[in-house]
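Chemist: Below is a structure I'd like to ask you about.
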Amino acid sequence: MNHHLLAIVAVAALTSCDTPKPVVRELPPREHYVALARDFQDFRSWGSLDLGERPAQGETHDEGNLRAFVNALPPPGSTQFPVGTIIVKENLAQRPRSSEEPRKHFAMVKRGANFNALGARGWEWFELVEGPRGVAINWRGLGAPDGEGYGGDPLGTCNSCHQMAAGNDFVLSEALTLR
Ligand code: HEC
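So, in C-alpha cells, the structure goes:
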C-alpha cells in the first residue's frame with residue numbers, strides 16, 4: 030500500500046466511529062417472511078446508515094442520534110423494500126450504564142403477503158431487547174400491544190405515523206429514501 034492510500038485509510042478510520050454501510054443486494058424472491066428471534070442476532074454486522082440527530086417523534090421515539098441497521102438495501106430503481114427486508118433503529122442516546130443492561134430497539138420487517146394490509150402494507154412492527162445473551166423479541170405485530178406507553182401515543186400509532194411515508198414504502202428516514 031502506498032503512503033497516499035494509507036493516509037486516506039487512516040483518515041477514514043478516524044472520522045467514522047460508525048459501522049460500515051449496509052450492503053446493496055437483491056434478496057431472494059419470497060411470498061412472505063416471518064422473522065424469528067434468530068434473524069436479528071447478527072444485526073450489528075449488517076452495517077448501518079446514520080440518521081443524524083433527530084427530535085423526539087411523539088411519545089414513541091425519543092430524541093437522539095439515530096442509526097438504522099439494514100440487512101439489505103434494495104438496488105437503485107426499486108420502488109419497494111423487498112420481502113425479507115429488516116430495519117433495526119438504534120438510538121445512540123440510549124446509553125447503557127453497563128454492558129449487562131438490556132437495550133430496546135424498534136424494528137420493522139417486510140413480511141409480505143397481505144400482512145398489515147390496512148396499515149404500513151406488508152410490514153410487521155417489532156420491539157427488540159438486546160442483552161448480554163443476544164436479541165429477543167419483546168413484541169411484534171400490527172403495532173404496540175395494549176399497555177405499552179407508545180401504544181397510546183396521541184400523535185399516532187406505528188402505522189399512522191409511518192403512513193405519512195406511503196410513497197417510500199412506509200419508511201420515513203431521509204437516509205432510507207428509495208431512489
Ligand atoms: C409520532 C410519529 C411516529 C410514531 C408513532 C412511530 N414512528 Fe417510527 N419513525 C418516525 C419517524 C419520523 C422516523 C424517521 C427517523 C426519525 O426522524 O426519528 C421513524 C423511524 C422508524 C424506524 C426506522 C425506519 C424508518 O422508517 O425510517 C423504525 C424501525 C420505526 N420508526 C419503528 C416504529 C415502530 C415499531 C413504531 C410503533 C411502536 C413507530 N415507529 C411509531 C415516526 C414515528
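If you want my numbering, it's the 1-based position in the sequence shown plus 29. Glycine included, every Cβ here is placed at the ideal spot set by N, Cα and C.
Look at the alpha carbon of Gly178 and the alpha carbon of Cys187, and state the distance between them as a whole number of angstroms.
Modeler: In the sequence shown, the residue the question calls residue 178 occupies position 149. In the sequence shown, the residue the question calls residue 187 occupies position 158. If I take the Cα positions, the gap works out to 12 Å.
Chemist: For the ligand HEC, is there any heavy atom lying closer than 6 Å to the beta carbon of Tyr62?
Modeler: Taking the first residue of the sequence shown as position 1, residue 62 is located at position 33. No - the ligand HEC has no heavy atom lying nearer than 6 Å to the Cβ of Tyr62.
Chemist: Does the beta-carbon of Thr114 have 16 or more other beta-carbons within 10 angstroms, so that it is buried, or is it exposed?
Modeler: Within the sequence shown, the letter at position 85 stands for residue 114. The C-beta of Thr114 has 16 or more other C-beta atoms within 10 Å across all chains shown, which makes the residue buried.
Chemist: Please tell me whether, using a cut-off of 6 Å, the distance from the CB of Lys50 to the nearest non-hydrogen atom of the ligand HEC is below it.
Modeler: Within the sequence shown, residue 50 is the residue found at index 21, counting from 1. No; taking the cut-off as 6 Å, the Cβ of Lys50 has no heavy atom of the ligand HEC nearer than that.
Chemist: Using a threshold of 7 Å, state whether the C-beta atoms of Ala136 and Val117 are closer than that.
Modeler: For the purposes of this step, residue 136 is identified with residue 107 of the sequence shown, where counting begins at 1. For the purposes of this step, residue 117 is identified with residue 88 of the sequence shown, where counting begins at 1. Taking 7 Å as the Cβ cut-off, Ala136 and Val117 qualify as a contacting pair.
Chemist: Going by beta carbon distance, what residues of the same chain come within less than 6 Å of Asn145, once the five residues before and after it are set aside?
Modeler: Numbered from its first residue, the sequence shown carries residue 145 at position 116. Here the set comprises Trp152 and Leu171.
Chemist: Say the cut is 6 Å; is the CB of Lys139 nearer than that to a heavy atom of the ligand HEC?
Modeler: One-based indexing of the sequence shown puts residue 139 at position 110. Checking every heavy atom of the ligand HEC against the Cβ of Lys139, none is found closer than 6 Å.
Chemist: Output needed for Pro131: all residues of its chain with C-beta closer than 7 Å, excluding positions within five of it in sequence on either side, in chain order.
Modeler: Taking the first residue of the sequence shown as 1, we reach residue 131 at position 102. Here the set comprises Val158, Glu159 and Gly160.
Chemist: Please report the residue range of the alpha helix (DSSP H) in which His191 lies.
Modeler: Here residue 191 refers to the residue found at position 162 when the sequence shown is read from its first residue. Here the alpha helix (DSSP H) through His191 covers Cys187 to His191.
Chemist: On the premise that Gly76 lies in contact with Pro51, defined as a C-beta separation below 8 Å, what is that separation, rounded to the nearest angstrom?
Modeler: Along the sequence shown, one-based indexing puts residue 51 at 22. Along the sequence shown, one-based indexing puts residue 76 at 47. Right, the Cβ-Cβ distance comes to about 4 Å (below 8 Å), so this counts as a contact.
Chemist: If you drop the 5 nearest sequence neighbours on each side, which residues of the same chain put their C-beta closer than 8 Å to that of Pro104?
Modeler: Looking up residue 104 in the sequence shown gives position 75. Val53, Arg54 and Glu55, listed in sequence order.
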